[in-house]
Structures are given as structure tokens and as C-alpha cells.
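Protein chains in written order, with this note's numbering: chain A, 3 to 329; chain B, 462 to 786; chain C, 44 to 350.
Every residue gets a Cβ at the ideal spot worked out from N, C-alpha and C, and that includes glycine.
Everything numeric in this text was worked out from a predicted model, so none of it was measured.
One structure below.
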């Protein structure tokens, strides 16, 4: 793995807790993610695995009663957890941007698109003139495939379809040419065809501009065609990481394997779908040791002890005592 | 837009008709104003003459028809007590009431919105809890009693503010306004504050609820992710969304301010139409009661219209034409 | 379903163990300091008010027991009959403490009676409206909207102008001003409940409509209704006092806090403060108490704020 200062994002040992009536509960623990400049990384897991919390924690957008309690979030070598709130605000939307899941909710319903885009520019550079700012907004909209961007700027969000809104959100995130975009299931709420279009557009844009991307999703088929590297989350922690193809073809972690076998791949019709027995345990009932062991057929007593992340071939890592392949 | 206005006017006319019939028949059935109008010592002949002069001997529908034809030409009949056109009496006192209600509304918004925002941003902070406790108190203090206390405190005890009357006014376009003289403002202060107190609590609660809800919305998160300052998020993104329910409720509440002015005007001897109507009710002065009601209905319709217009300005999702039903 | 029972979803885990909803509510209520204060105030005032004939030094509305010579005595004065007027007397020579207790009783009676009647009428209309739906529903709700667009005090003023004074009259006026709130609240929750599976299940058993409405849907509409009832009782008490203060509510022969305050108003500027102040404090305490409880209930029963 490259040295820290060559990385766009270097997250180490991130832990986020939520205060509940029953006491603090960790939603994510010991999460480490590295993203190289221009790299597209997939973050995959079921709902409740902590992938959205990871995204929000990196951005510093965890609301009370949640709190990031441990770890480093180095963006271009600068620890987002150590810098002032002011500096953090300067970086957000400028060097690191985020797109959210529900396109119906991410745009403010009572403000024009123009207002919501221009403010993203002005928040980071108040000196940009009105004309220049509008020109940049127009270009950004055109780049994500919005027809007649000039007129659309004056529209309100409710005048757009879901797919168009998500395009606007992506255009807004890209306005200041950030080094990294975190996309939290941005296409999940959309039709499959629109999803495919947006995926293709985002991929092209990131390639052209050298923007790194973390794509959070529960859908393996999305990352398969999009990402270069993959992080698989389970129960608030990362269980496996590595380049996409080897991970998908020969998963090391039993959970990754179960996840892959439960996806209906179209090239294998007739194959019975696999089910992982049981459910993700609630956060306050996480088992000790490997969090997957109660659902795992390979588990034994040793899995009740904390399991370290082990290095595997091809820059892969897995958090399992009995991986499916050679480590 | 034109069809919207036409429909609204039509609705108002229907409301006026229904209201006038209900009240006309209601008052006709229960009370006989004649006993109050006529000197008990009057001779039967005098009594008969008065009854005929007011047309009180005719059947109710005939009386109503007479009222209606008069009303169309702008004549709502003469007040039994003042023996002047009821409409003129009401209209002469309308500006004072409106001034009181508007000032109270302004006070409620100026104090209520900022306090509500503070309480909504940090619901668990001690300051927010204090604000909410204050608002419960504001809900619970009867307007009339707190008015007395205010007079006691600020007029009798401290001697800072006048306790009654309207003070010096300046005519603006022929309408007397007290906001332009110091004396006028001093006289307005206590009654307006008295009337506003209940509404301050209401505005605080609405604003707080709106802010709390909006702060959890994804668009606030997205705005934060864009690096927008917290001040702009609250002042623009959240506030504009909070204003939408606030405007609707305030429209209705403005009507209630005008109605509740009855109480404040009685206590502070404010020469508005509220005091007039209380006296009219006591003696069953039918034309005056009717005139007051009809004016109120018209005013409420205008308020509703203004609210809808404001609404469509603040909330782009609302189109006036769409809200027919 | 059996799966869910074995491994509860996230929010179910955080919820307290199931108890009867009423008890759970009460215990939550008792954990809120302000609500406890409110509850204590309301209970104490209610007990005092209903024991008024027993504990009040005199019956202030029995002409034989009051002496005009005692009028407007300041707090702590001795009466001609030998007792002490701890809160002073009013302009009729009534012991204020006694008059306040009797007045509180009227306030509570009027407030609760009107709320209960309005509740029965409003809830039935709301329930029927939601259950029948269609044009009836539209018509009824239009009526509710129109009614609610007029301030309660205005409606009460007009009604009392027509009806005249009296305890029954003011209860009628308060019922008319209140029913629409209950109708709207019940209809709102009933519309949600009607689509639930248990209503379909009850229908499949061919239960009579009335039984489904009152036996199945209504109990599930209770939480918001409880909040509205508390807040409305407080408002009804305040409105009654206001109307009586204006001289169009209760007749002078009835004990009423509003009338007492109104009487005192005449003498306020001449330094006779107690006739208005003490009844006012009693009234405010009662309303604050109810509202404190209601406010806490609102937070507890609001599903949105529950998390």
C-alpha cells in the first residue's frame, strides 16, 4: 500500500458511537479505508452494516447523539478530526463532497436550483462573480447530462424527476472539483435504466477529472462494473478488502462469499440463490470476536476472540481465521 | 389567477349569506331588543310606534329581506343604541383594532421566531428548556388577567406606560395611526404586548417544531456537505421551510387576534370595534352585531387570500390554480 | 413473523419491555419533573375545589353568610363574625379564599363537562367521517375547516349573544367551539388506522361496523386524542373565565373566577389589588398545571419525537 501522503483519503481505526438510552453503542469500529487519487472504491454491505455511518463519519456529518470517538481521517494528509470546524467547513464541498441516497430529499424544496448550486461555489470562494458562478453551474449541469441547463437553473427541485435531481446533486458535488466524492447509494432509489446512465456518467466524470470516489452500496452488481477496489462491511467493521475482480471471483471471507452467492447474476440462470442464515444482529447485541461467527458454518470457539485483519495475496486483506482461500 | 380570485370572492359571498341568516334568525328567535330599546315608562302607542319604526313587527323573513336589500347597497341598518349607520360605526373603529392586531402580530413574530429557532436548534440546552417553559406559561396566562397585571405593574406601580386609551394619532390617507407619535406608541405598547403574549408562545412552538424537523432533513446534511455555513443553513434553508406552516397558522391566528382584541380593548379602553361589539351584545343591538360579523367575515376572507398569496411566494410547490378543492 | 420474534429489529431492542400502555405512560410522566409539578397542582386544586363546601370558611354565594360591611377588606383582616379573611374580601363582602374555591369548582366542572361532551360528539363525527369516507367525509371536514377558521372566542361571543347567560349556555358555547378539534384529530388517526390489517381482519369476521369503529379503531386513536383533550380543557377553562370576565359568560349569581377578577378590576387602580390578583393566580395555576401535563404527554405520545 502506498505511503500516507500519496493517498487522497486515509482513514485509520475510525470508531463512531451513538448514545442510546441503554448507553453508548458503537455503530462502526476499527474502520480503515485508503483511497488513492482518482481511484474508485466500492464500500459494500447490507443495511445496518455501518456503511452510511462510515461515509458520514468521514465527512464529519454525524449528528448528535452520534459521535466519532476514535481514529484518523486524513484527507490529503490533513486530519479532518483535528482541524478547526471552520477549516473542516472549508474542505467540505471543496476538496471532499458527498451525494446522498434519496434524491427527493437532498435538494431543498423551497430554493431554486440556481441558489443551491451558486451557494456551493460562493461558500468556498466569495469572490467569484455572479456571472462566473452561473456559468460554472451551467457547465456542471450540462456535464451530468441535464438538457437546457440554462432554463433548469431557475427551476425548483419538484420540477425535476428523481434521476434529474440526483444528477443535479452530483453536479453540485462536482462544482468545485473535489479530490474525493463520497456517494451514499445515490442510485438505489432510481430506476435501473437511470441508474445505469448515472453510473456511466459518474465514472466518466471521475476519470476525466481525476476525482476519487467512494461508492457506498448494498448492490454488488453495481460495484462490479464501477469500482477498482472493494471494501466489504459487516456489523460495523470491514471484513474484507481488495481489488474488485479477485474479491468477487474468489472471496476470502465467508460473509463476502455468502453475499456474492445471494446475488442473482444473469450469466448463471437456474442456479439456486444462496441465503445467509440469520440476520445482522442489532448493534447492542454484537457478538464478541468475529461479528459474523454466529451465522458462519466455518466458525469455532476461536472465532469468539478478536480477529485481526490479515494480509492476503494481491493487496487483499481479510478479517477471518478460516478464510476460503489461501492467505 | 383571475379565476382563483373570482372563486374566492364567490366563497366569501356565500359565507356572508350563511352567516347573516344564522345570526339574524338566531337573534330574532331568542331576544327581543324592544324591551331594551324602549323606556319602560313609554305608553303602548309610543311602544307600537317604535316597533314599527324599526320594522320589528314584521315576520323574520321579511325583516331579513329588508336587511339583505339594504346590505347590497351598503346599508346594514342603523344601530339601535347609537341611532347611526352600524357599518359607519364599525368602520370608524376598525383602524384602531387593526393597528392593535397588526402590532401584536409583529411582536409575536419578532420575538417568537428567534426564540423558536434557538429552542429548535438545541432542544436539550437549558436555554431552550427555559424558552419552552416560558411558552407554556404564555399559553396558560389568560389575556384578560395578564392585562390587569400589566396595568398594575407598568402603569400603577412603575408609572412608565399609560394604562388606557389610544393616545395621539396621525392621519395617514385619512386613517388615524398611532405608530407615528411617541404618545401613540406608548399607548399602543401595553395592549399590543398583552394581545401578543399568547401568540408569542404559539410562534415559538411552531418555529421550534419546524426547525427541529428541518434540521433532520437530508437537504440540511447536503448543505453541510457542500460546506455552507451554519448561519446560512439555518437562516435560509431551514427558516424558509419553517415559514411555510408558520404562515398558514398565522393567517388563522391573525383572525383570532382581531377576535381576542375584544378582551384587550375592554381592559385597556382601546377604542376599537371589540369594545363596541361587547356593548352591542349586552343590549342585543342586532344591526351592530350583524355589521361586526359581516365585516369580520370579509376580513377573514381577505386574510385567507393574503395567506394563500404569501404561501405561493414562499412555497414554490404551491400553485394557486391547483387549490380549488 | 416467527423470524422477527426471534431476532427483534433494531428499534424493538431499544424499546422498554412491553407493559400496559397506560402504565407505561404514567411512569414516563412521573419521570418528567415539570409534569409531576403540573399533576400535583391539578390534583391539589381539584381536591380543594370539590371539598369547597367542607373546607371553605363560608359559602360566599349564600347571601345569609356574607355581610356587606366586610366588603373590600385587605388580606388578613378580621371579619365581623370573628374569623379571618386570609385573602381579603371582594366588593360584596365575600371571603375571597372561599369564593376562589367555589369559582375553581365551577371552572373545572365547566371545563371538563364541555370537553367530555365535545369529545363524544367530535370523536363520533370524526370516526364516522373517516369510516364512511367519500362525500360525507368531504362535507364534514369542510364544515370542520370552516368552523376552525373562526376563532373560538368569536363563535362563543356570537352564541352567547344569542343564547344569553348561564352555566348550560356557556357549556353549549364551549362544546360548539371545541368539537371540531376532536373531530379532526380522530379522523386523522382513524384514517391511518383504517388501513391497518387488524381492521381488515375484523371486517373478515363480519363484525358490525359500530363495533369495528368504537371497539377497534377508536382505542388506537387515543394517544393524540389524550393530548388534545388536556390542551382543550385548559383552553376551555381559560375561555370560560374570559367570557365571564367580559360579562357575557356566567351570571353574577354563579361562583366564577372570571367574574371575581372582573369585579376587582373596578377597584384595581385604587390599590385594592387582591380581588383581581388572587383569583387570577388560582386560575393561572390551574391552567399551567393542566398544560404542563399536556405538554409532557404531547412529547411522550408523539411518535416522531419518540426516538
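Distance, residue j Cα to residue i Cα
| i | j | result |
| --- | --- | --- |
| residue 55 of chain A | residue 15 of chain A | 14 Å |
| residue 544 of chain B | residue 746 of chain B | 10 Å |
| residue 86 of chain A | residue 215 of chain A | 25 Å |
| residue 569 of chain B | residue 597 of chain B | 15 Å |
| residue 337 of chain A | residue 151 of chain A | The structure shown has nothing for residue 337 of chain A, since chain A only spans 3 to 329. |
| residue 232 of chain A | residue 272 of chain A | 27 Å |
| residue 734 of chain B | residue 554 of chain B | 5 Å |
| residue 148 of chain A | residue 172 of chain A | 11 Å |
| residue 282 of chain C | residue 220 of chain C | 10 Å |
| residue 131 of chain A | residue 125 of chain A | 12 Å |
| residue 536 of chain B | residue 478 of chain B | 15 Å |
| residue 245 of chain C | residue 255 of chain C | 7 Å |
| residue 146 of chain A | residue 200 of chain A | 8 Å |
| residue 185 of chain C | residue 656 of chain B | 29 Å |
| residue 334 of chain C | residue 159 of chain A | 40 Å |
| residue 787 of chain B | residue 738 of chain B | The structure shown does not extend to residue 787 of chain B, since chain B spans only 462 to 786, so no value can be given for it. |
| residue 633 of chain B | residue 665 of chain B | 33 Å |
| residue 43 of chain A | residue 37 of chain A | 7 Å |
Beta-carbon proximity check, residue i vs residue j, cutoff 8 Å
| i | j | result |
| --- | --- | --- |
| residue 286 of chain A | residue 53 of chain A | no |
| residue 332 of chain A | residue 324 of chain A | No answer is possible for residue 332 of chain A: it lies beyond the span of chain A, which begins at 3 and ends at 329. |
| residue 648 of chain B | residue 669 of chain B | no |
| residue 302 of chain C | residue 293 of chain C | yes |
| residue 228 of chain C | residue 194 of chain C | no |
| residue 85 of chain C | residue 327 of chain C | no |
| residue 222 of chain C | residue 161 of chain C | yes |
| residue 41 of chain A | residue 28 of chain A | no |
| residue 242 of chain A | residue 258 of chain A | yes |
| residue 298 of chain C | residue 154 of chain C | no |
| residue 58 of chain A | residue 11 of chain A | no |
| residue 277 of chain C | residue 534 of chain B | no |
Under the three-state DSSP convention, the category residue i falls into
| i | result |
| --- | --- |
| residue 154 of chain C | helix |
| residue 135 of chain C | coil |
| residue 636 of chain B | strand |
| residue 62 of chain A | coil |
| residue 313 of chain A | strand |
| residue 58 of chain C | Residue placement at residue 58 of chain C cannot be trusted, given a pLDDT of 43 that sits under 50; what the coordinates show is reported in the next sentence. Residue 58 of chain C: coil per DSSP, three-state reduction. |
| residue 546 of chain B | strand |
| residue 740 of chain B | helix |
| residue 297 of chain C | coil |
| residue 250 of chain C | coil |
| residue 76 of chain A | strand |
| residue 10 of chain A | coil |
| residue 506 of chain B | helix |
| residue 51 of chain A | coil |
| residue 552 of chain B | helix |
Spatial neighbours of residue i in its chain, beta-carbon cut-off 8 Å, leaving aside the 5 residues before and after
| i | result |
| --- | --- |
| residue 90 of chain A | 62 and 82 |
| residue 155 of chain A | 114, 115, 116, 119, 136, 139, 140 and 143 |
| residue 101 of chain A | 108, 168, 171, 172, 175, 183, 184, 185, 186 and 188 |
| residue 486 of chain B | 521 and 525 |
| residue 261 of chain C | 166, 170, 229 and 233 |
| residue 245 of chain A | 230, 231, 232, 316, 317 and 318 |
Cβ neighbours of residue i in the same chain (closer than 7 Å, five flanking residues each side left out)
| i | result |
| --- | --- |
| residue 589 of chain B | 579, 580 and 583 |
| residue 73 of chain C | 79 |
| residue 474 of chain B | none |
| residue 275 of chain A | 264 and 266 |
Cβ-based neighbour list, residue i, same chain, cut-off 6 Å, excluding 5 preceding and 5 following
| i | result |
| --- | --- |
| residue 75 of chain A | 13, 60, 82 and 83 |
| residue 274 of chain C | 337 |
| message | Please give the ranges of any beta strand (DSSP E) in the stretch 207 to 243 of chain A, keeping only runs that are unbroken, at least 3 residues long and fully inside the region. | response | 214 to 219 and 231 to 236
- Message: Extract the residue ranges of the beta strand (DSSP E) inside the stretch 627 to 695 of chain B, only unbroken runs of 3 or more that lie entirely within it.
- Response: 631 to 633 and 636 to 638
Whole runs of the alpha helix (DSSP H) within the stretch 84 to 142 of chain A, excluding any shorter than 4 residues:
87 to 93, 105 to 108 and 115 to 124
>> Suppose only complete runs of 4+ residues qualify. What are the alpha helix (DSSP H) ranges in the stretch 170 to 195 of chain A, listed by chain order?
In response: none
**Request:** Residues of the stretch 767 to 780 of chain B with a CB closer than 8 Å to any CB of chain E: list them in chain order, please.
**Result:** Of the chains in the structure shown, none is chain E; the protein chains are A, B and C.
Check your understanding: Considering only residues of the stretch 563 to 637 of chain B, which uninterrupted beta strand (DSSP E) runs meet the minimum length of 3 residues and lie entirely inside it, listed in chain order?
Key -> 631 to 633
| message | To test your reading of the DSSP string, which unbroken alpha helix (DSSP H) runs of 4 or more residues are found completely within the stretch 141 to 193 of chain C? | response | 177 to 192
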